[in-house]
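Engineer:
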Ligand code: NAD
């Protein structure tokens, strides 16, 4: 398994270039240089992938759960055995610290595959008995050919989070990773060959969202789309897929509140708030970017939070002491910087950060490095506090009452996750019930149990992933009623 200068699609079990022979540049945020090229795929490549998937489906969907379980577990083992290669590729593509790729992204990728391979072994259908009359039993059958489209922030982690339940439940998949971070999906294709995944069961088509991605969404033979990415992309996908009656799962953007009450365990809270603000440069859909702090501890919080943020090391993703690596792209760092400028216009004060790092290390020159940024003094309903920035930028705002905090928290269009810090268990439950979010963490952040439903409300998405929810999404229920 190896990184290549020319990434290939994986169609019908073979590694192939785009039919057009065209390539796109793959730039590393580490130094801003083109370090590889990806196939600029279009409808023709998607068509070939669909044909391969259709050929593979009868055998894959009927070969038995245990056979699928064994192959997928083998795939998980291969990823685990090649941790260093995968982690290096992930950091090179995304700019995230190698320590994170090794401890979070890649371990989670093989955990996803094992989790769903195993889950499918335990997935049972329901039966409903009508006394002295009839019995209903419900089959859960694979859908057929499905599409999985994933973003750049957690590349292999989210790619496998989608394809694993799809494959485990007997579907054949056309998958597209982000064109910004394609390398680990290319390594995964090589791992699939090694694991003995039958040809055409998983097809990976690289390329632009508006070209290859859209061709997947528009293809009549692709019956379901599982998408993770931005809200505006989700909207355009829904516009195409809904009139075609495709099953749709949309995991979209967020602008998550972090509500900190004066009665919290301060040390635990400050440690996790640093993580929830700046892990992966704030480029996790679950990061808490709006921090509301109850007034009695506001000044203490501000002082400690700013101090700890200033200690964070920004720089070489491949150094073991780096906390924040590079942002993912030139375009993205410009977007994040534009929000910092907007915050100033809206009346905010930058307490720390707010500037691009002048790197002294020659090998990092041209990379996209930004100091983690804390802003205060903004009104709760300004654009900086309402729109997703998706970078190492948080705002802090004091509040007085629980009602006020709840009102702030629920004031945006998004509703993905939320965090509550308090030692008052009654207050925590009360708030958890009323907060408009698909995920609520109390006195913790990003504690993930893969069995739980995952997803957002409002503009953060439609549907749920995780556990049985994902297996339900990737299967069709068919009820059989037998009268006796
Ligand atoms: P994006 O929407 O730009 O792209 C996501 C994927 O969709 C990429 O593979 C892209 O090529 C493809 N795509 C783009 N346009 C398309 C189209 N018209 N048709 C089909 N496919 C298309 O998002 P991004 O910038 O890669 O990712 C960042 C966003 O993802 C943020 O908004 C973040 O909050 C969100 N996100 C959400 C979750 C979640 O679970 N809710 C998780 C991670 C990231």
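Residue numbers (this note's numbering): 1398 to 1881. Even glycine gets a Cβ: it sits at the ideal position worked out from N, Cα and C.
1. Pick helix, strand or coil for residue 1695, following the three-state DSSP scheme.
2. Counting pairs of beta carbons, one from the region 1743-1752 and one from the region 1768-1783, are three or more of them closer than 8 Å?
3. I'd like to know whether the C-beta atoms of residue 1640 and residue 1603 end up nearer to each other than 8 Å.
4. Within 7 Å: the Cβ of residue 1548 and any heavy atom of ligand 1?
5. Could you round the C-beta distance between residue 1678 and residue 1788 to whole angstroms and report it? I think they count as a contact, below 8 Å.
6. When the Cα atoms are used, what is the spatial distance from residue 1471 to residue 1510?
7. At a cut-off of 7 Å, is residue 1679 close to ligand 1 when judged by its beta-carbon and the heavy atoms of the ligand?
8. Among the candidates 1734, 1495, 1418, 1462, whose CA atom is the shortest distance from the CA of residue 1441?
9. Quick check on this structure: which residue in 1405, 1434, 1631 has the alpha carbon closest to the alpha carbon of residue 1610?
10. Check for me: the alpha helix (DSSP H) holding residue 1554 runs from which residue to which?
11. With a threshold of 7 Å (Cβ to nearest heavy atom), would residue 1831 be considered close to ligand 1?
12. When the Cα atoms are used, what is the spatial distance from residue 1459 to residue 1567?
13. Less than 7 Å between the CB of residue 1595 and some heavy atom of ligand 1, yes or no?
14. Output the distance between the C-alpha atoms of residue 1405 and residue 1683, rounded to the nearest integer angstrom.
15. Can you tell me whether residue 1819 is helix, strand or coil according to DSSP?
16. Is residue 1545 near ligand 1 - that is, is its Cβ less than 7 Å away from at least one heavy atom of it?
17. Whose C-alpha, out of 1827, 1871, 1807, is nearest the C-alpha of residue 1782?
18. Report back the beta-carbon spacing between residue 1686 and residue 1791 to the nearest angstrom; my notes put them in contact at under 8 Å.
19. When you compare the CB of residue 1729 with every CB in chain B, is at least one pair closer than 8 Å?
20. Going by the DSSP bridge assignment, what does residue 1624 pair with across the sheet?
21. Confirm, please, whether the CB-CB distance from residue 1870 to residue 1860 is below 8 Å.
Structural biologist: Working from what's here:
1. Here residue 1695 is taken as the residue at index 298 of the chain shown, counted from 1. Three-state result, residue 1695: helix.
2. Result yes; three or more Cβ-Cβ pairs closer than 8 Å.
3. Numbered from 1 along the chain shown, position 243 holds the residue referred to as residue 1640. Numbered from 1 along the chain shown, position 206 holds the residue referred to as residue 1603. With respect to the 8 Å criterion, residue 1640 and residue 1603 are not classified as neighbours on the basis of their beta carbons.
4. Numbered from its first residue, the chain shown carries residue 1548 at position 151. It does: the Cβ of residue 1548 is within 7 Å (strictly closer) of some heavy atom of ligand 1.
5. Reading the chain shown from its first residue, position 281 is the one you call residue 1678. Reading the chain shown from its first residue, position 391 is the one you call residue 1788. About 6 Å separates the two Cβ atoms, so the contact holds.
6. As a first step, residue 1471 is located in the chain shown; it is residue number 74 there, counting from the start. As a first step, residue 1510 is located in the chain shown; it is residue number 113 there, counting from the start. About 10 Å.
7. Within the chain shown, residue 1679 is the residue found at index 282, counting from 1. Exclusion of residue 1679 from the 7 Å shell around ligand 1 follows from its C-beta lying no nearer than that to any non-hydrogen atom of the ligand.
8. Along the chain shown, one-based indexing puts residue 1441 at 44. Of 1734, 1495, 1418, 1462, the residue nearest in Cα terms is 1418.
9. Within the chain shown, numbered from 1, the residue matching residue 1610 stands at position 213. Of the residues 1405, 1434, 1631, the one whose Cα lies closest to the Cα of residue 1610 is 1631.
10. Reading the chain shown from its first residue, position 157 is the one you call residue 1554. Start and end: 1552-1565.
11. Taking the first residue of the chain shown as position 1, residue 1831 is located at position 434. Residue 1831 Cβ: outside cutoff for every heavy atom of ligand 1.
12. Translated into the one-based positions of the chain shown, residue 1459 becomes position 62. Translated into the one-based positions of the chain shown, residue 1567 becomes position 170. Approximately 8 Å between the Cα atoms of the pair.
13. Position 198 of the chain shown, counting from 1, holds the residue named residue 1595. For ligand 1, no non-hydrogen atom lies closer than 7 Å to the CB of residue 1595.
14. Within the chain shown, residue 1405 is the residue found at index 8, counting from 1. Within the chain shown, residue 1683 is the residue found at index 286, counting from 1. If you draw a straight line from the Cα of residue 1405 to the Cα of residue 1683, it comes to about 31 Å.
15. The sequence position of residue 1819 within the chain shown is 422, counting from 1. In the three-state scheme derived from DSSP, where H, G and I count as helix and E and B as strand, residue 1819 is classed as coil.
16. Residue numbering aside, residue 1545 sits at position 148 when the chain shown is read from its first letter. The closest heavy atom of ligand 1 lies 7 Å or more from the beta carbon of residue 1545.
17. Position 385 of the chain shown, counting from 1, holds the residue named residue 1782. Comparing Cα positions, the closest option is 1807.
18. In the chain shown, counting from the first residue as 1, residue 1686 sits at position 289. In the chain shown, counting from the first residue as 1, residue 1791 sits at position 394. The Cβ separation is near 5 Å, so the contact holds.
19. The structure shown contains no chain B; it holds only a single protein chain.
20. As a working note, residue 1624 is residue 227 in the chain shown. According to DSSP, residue 1624 bridges with 1546, 1647.
21. If you number the chain shown from 1, residue 1860 lands on position 463. If you number the chain shown from 1, residue 1870 lands on position 473. For the pair residue 1860 and residue 1870, the CB atoms are nearer than the 8 Å cut-off.
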